[in-house]
Amino acid sequence: MSEDFYIKYIVPHKGIIIKLCRAYTDTEFDFEDYFQEVCLQIWKSKDNFKEQSKWSTWVYRITLNVCMTMLKKQKKHTATNEIVKNDLSTESEAFNNEELQLLYKAIRQLPEVDKAIIVLYLEDKSYKEIADVSGMKVSAVGARINRIKTKLKTIIYGK
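Okay, so the sequence shown: first residue is 12 according to this note's numbering, each after it adds one.
Now the structure itself:
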(Lines of atoms letter the chains of each structure in order from A; the text may use other names.)
(Lines give C-alpha, C1' and ligand atoms only; values in the text may rest on other atoms or scores of the structure.)
Protein backbone atom coordinates (compact mmCIF):
# COMPACT_ATOMS: atom_id res chain seq x y z
CA MET A 12 0.00 0.00 0.00
CA SER A 13 1.44 3.33 -0.97
CA GLU A 14 1.53 6.28 1.38
CA ASP A 15 -0.45 8.31 -1.21
CA PHE A 16 -3.28 5.74 -1.22
CA TYR A 17 -3.31 5.69 2.57
CA ILE A 18 -3.48 9.47 2.83
CA LYS A 19 -6.08 9.89 0.08
CA TYR A 20 -8.41 6.97 0.74
CA ILE A 21 -7.88 5.75 4.31
CA VAL A 22 -7.14 8.85 6.40
CA PRO A 23 -10.43 10.66 5.58
CA HIS A 24 -12.33 7.63 6.91
CA LYS A 25 -9.93 6.70 9.69
CA GLY A 26 -12.36 7.73 12.44
CA ILE A 27 -15.05 5.24 11.53
CA ILE A 28 -12.50 2.50 10.87
CA ILE A 29 -11.02 3.06 14.33
CA LYS A 30 -14.41 3.10 16.03
CA LEU A 31 -15.61 -0.07 14.34
CA CYS A 32 -12.35 -1.87 15.05
CA ARG A 33 -12.51 -0.83 18.73
CA ALA A 34 -16.07 -2.08 18.95
CA TYR A 35 -14.87 -5.54 17.94
CA THR A 36 -11.65 -5.78 19.97
CA ASP A 37 -10.72 -5.98 23.65
CA THR A 38 -7.03 -5.13 23.47
CA GLU A 39 -4.88 -2.55 21.76
CA PHE A 40 -2.92 -5.36 20.11
CA ASP A 41 -6.06 -6.86 18.55
CA PHE A 42 -7.26 -3.39 17.58
CA GLU A 43 -4.04 -2.74 15.65
CA ASP A 44 -4.38 -6.10 13.87
CA TYR A 45 -7.97 -5.35 12.88
CA PHE A 46 -7.13 -1.82 11.73
CA GLN A 47 -4.22 -3.01 9.60
CA GLU A 48 -6.30 -5.80 8.08
CA VAL A 49 -9.08 -3.34 7.20
CA CYS A 50 -6.56 -1.03 5.50
CA LEU A 51 -5.08 -3.96 3.60
CA GLN A 52 -8.52 -5.17 2.45
CA ILE A 53 -9.54 -1.68 1.33
CA TRP A 54 -6.36 -1.46 -0.71
CA LYS A 55 -6.80 -4.96 -2.16
CA SER A 56 -10.41 -4.37 -3.15
CA LYS A 57 -10.05 -0.82 -4.48
CA ASP A 58 -10.32 -2.03 -8.07
CA ASN A 59 -13.68 -3.68 -7.28
CA PHE A 60 -15.26 -0.36 -6.29
CA LYS A 61 -17.91 0.30 -8.96
CA GLU A 62 -19.10 3.69 -7.63
CA GLN A 63 -22.61 2.34 -7.03
CA SER A 64 -22.37 3.84 -3.56
CA LYS A 65 -20.18 6.44 -1.88
CA TRP A 66 -16.56 5.54 -1.14
CA SER A 67 -17.35 6.01 2.57
CA THR A 68 -20.10 3.39 2.36
CA TRP A 69 -17.65 1.03 0.66
CA VAL A 70 -15.12 1.61 3.46
CA TYR A 71 -17.75 1.00 6.17
CA ARG A 72 -18.85 -2.25 4.56
CA ILE A 73 -15.29 -3.52 4.18
CA THR A 74 -14.49 -2.53 7.76
CA LEU A 75 -17.56 -4.25 9.12
CA ASN A 76 -16.92 -7.41 7.08
CA VAL A 77 -13.28 -7.58 8.14
CA CYS A 78 -14.13 -7.06 11.81
CA MET A 79 -16.84 -9.72 11.77
CA THR A 80 -14.61 -12.17 9.89
CA MET A 81 -11.64 -11.62 12.19
CA LEU A 82 -13.84 -11.91 15.25
CA LYS A 83 -15.08 -15.27 14.06
CA LYS A 84 -11.68 -16.59 13.08
CA GLN A 85 -9.66 -14.86 15.84
CA LYS A 86 -6.65 -14.74 13.53
CA LYS A 87 -3.71 -12.63 14.52
CA HIS A 88 -2.05 -10.74 11.69
CA THR A 89 1.40 -9.23 11.81
CA ALA A 90 2.05 -5.62 10.98
CA THR A 91 2.81 -5.22 7.29
CA ASN A 92 2.79 -1.49 6.88
CA GLU A 93 4.99 0.83 8.94
CA ILE A 94 2.92 3.85 7.90
CA VAL A 95 -0.20 2.42 9.52
CA LYS A 96 1.67 1.37 12.67
CA ASN A 97 3.15 4.85 13.21
CA ASP A 98 -0.22 6.51 12.61
CA LEU A 99 -1.92 4.29 15.19
CA SER A 100 0.46 5.21 17.99
CA THR A 101 -1.49 8.43 18.66
CA GLU A 102 -4.74 6.46 18.84
CA SER A 103 -3.46 4.29 21.69
CA GLU A 104 -4.09 7.14 24.13
CA ALA A 105 -7.83 6.53 23.72
CA PHE A 106 -7.38 3.12 25.35
CA ASN A 107 -6.48 4.93 28.59
CA ASN A 108 -9.80 6.83 28.78
CA GLU A 109 -11.97 4.96 31.32
CA GLU A 110 -15.30 6.31 30.07
CA LEU A 111 -14.53 5.32 26.48
CA GLN A 112 -13.37 1.91 27.67
CA LEU A 113 -16.68 1.44 29.50
CA LEU A 114 -18.65 2.45 26.41
CA TYR A 115 -16.69 0.16 24.09
CA LYS A 116 -16.97 -2.71 26.58
CA ALA A 117 -20.75 -2.27 26.49
CA ILE A 118 -20.78 -1.99 22.69
CA ARG A 119 -18.80 -5.24 22.41
CA GLN A 120 -21.66 -7.02 24.20
CA LEU A 121 -24.13 -6.08 21.45
CA PRO A 122 -24.93 -8.30 18.46
CA GLU A 123 -22.64 -7.66 15.47
CA VAL A 124 -25.11 -5.61 13.42
CA ASP A 125 -26.04 -3.47 16.42
CA LYS A 126 -22.35 -2.74 17.02
CA ALA A 127 -21.97 -1.39 13.51
CA ILE A 128 -25.17 0.65 13.69
CA ILE A 129 -24.32 2.34 16.99
CA VAL A 130 -20.78 3.13 15.89
CA LEU A 131 -22.11 4.75 12.72
CA TYR A 132 -24.63 6.68 14.81
CA LEU A 133 -21.86 7.85 17.16
CA GLU A 134 -19.94 8.94 14.07
CA ASP A 135 -22.90 11.28 13.29
CA LYS A 136 -23.90 9.41 10.14
CA SER A 137 -27.37 10.06 8.81
CA TYR A 138 -30.07 7.41 9.01
CA LYS A 139 -29.79 7.05 5.23
CA GLU A 140 -26.05 6.39 5.42
CA ILE A 141 -26.59 3.88 8.23
CA ALA A 142 -29.31 2.19 6.17
CA ASP A 143 -26.97 2.01 3.15
CA VAL A 144 -24.23 0.36 5.19
CA SER A 145 -26.43 -2.00 7.18
CA GLY A 146 -28.89 -2.91 4.44
CA MET A 147 -31.83 -1.81 6.59
CA LYS A 148 -34.67 0.47 5.56
CA VAL A 149 -34.24 4.09 6.63
CA SER A 150 -37.53 3.92 8.54
CA ALA A 151 -36.20 1.06 10.68
CA VAL A 152 -32.88 2.69 11.58
CA GLY A 153 -34.29 5.15 14.14
CA ALA A 154 -36.19 2.45 16.02
CA ARG A 155 -33.15 0.17 16.02
CA ILE A 156 -30.93 2.96 17.36
CA ASN A 157 -33.36 3.65 20.22
CA ARG A 158 -33.39 -0.04 21.15
CA ILE A 159 -29.59 -0.14 21.05
CA LYS A 160 -29.34 2.94 23.30
CA THR A 161 -31.67 1.27 25.79
CA LYS A 162 -29.55 -1.91 25.73
CA LEU A 163 -26.38 0.12 26.28
CA LYS A 164 -27.90 1.96 29.25
CA THR A 165 -28.91 -1.37 30.75
CA ILE A 166 -25.43 -2.82 30.23
CA ILE A 167 -23.65 0.24 31.62
CA TYR A 168 -25.97 1.26 34.44
CA GLY A 169 -27.70 -2.05 35.11
CA LYS A 170 -31.19 -0.54 34.89
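All C-beta atoms in this analysis are idealised placements derived from N, C-alpha and C, irrespective of residue type, glycine included.
For Leu31, the enclosing alpha helix (DSSP H) begins and ends at Lys25 to Ala34. If you check the CB distance, Gln52 and Ile27 do not come in under 8 Å.
Between Leu121 and Ile159 a beta carbon distance of about 7 Å is seen, short of the 8 Å cut, so the two are scored as contacting. When the Cα atoms are used, Glu43 and Leu163 turn out to be separated by approximately 25 Å. Separation of Ala34 and Glu62 (C-alpha to C-alpha, rounded to the nearest whole angstrom) is 27 Å. For Tyr71, the closest C-alpha among the options Lys19, Gly169, Gly153 and Ser145 is that of Ser145. Minimum Cα-Cα distance from Thr36 among the listed residues Ala142, Ser13, Arg155 and Leu113 corresponds to Leu113.
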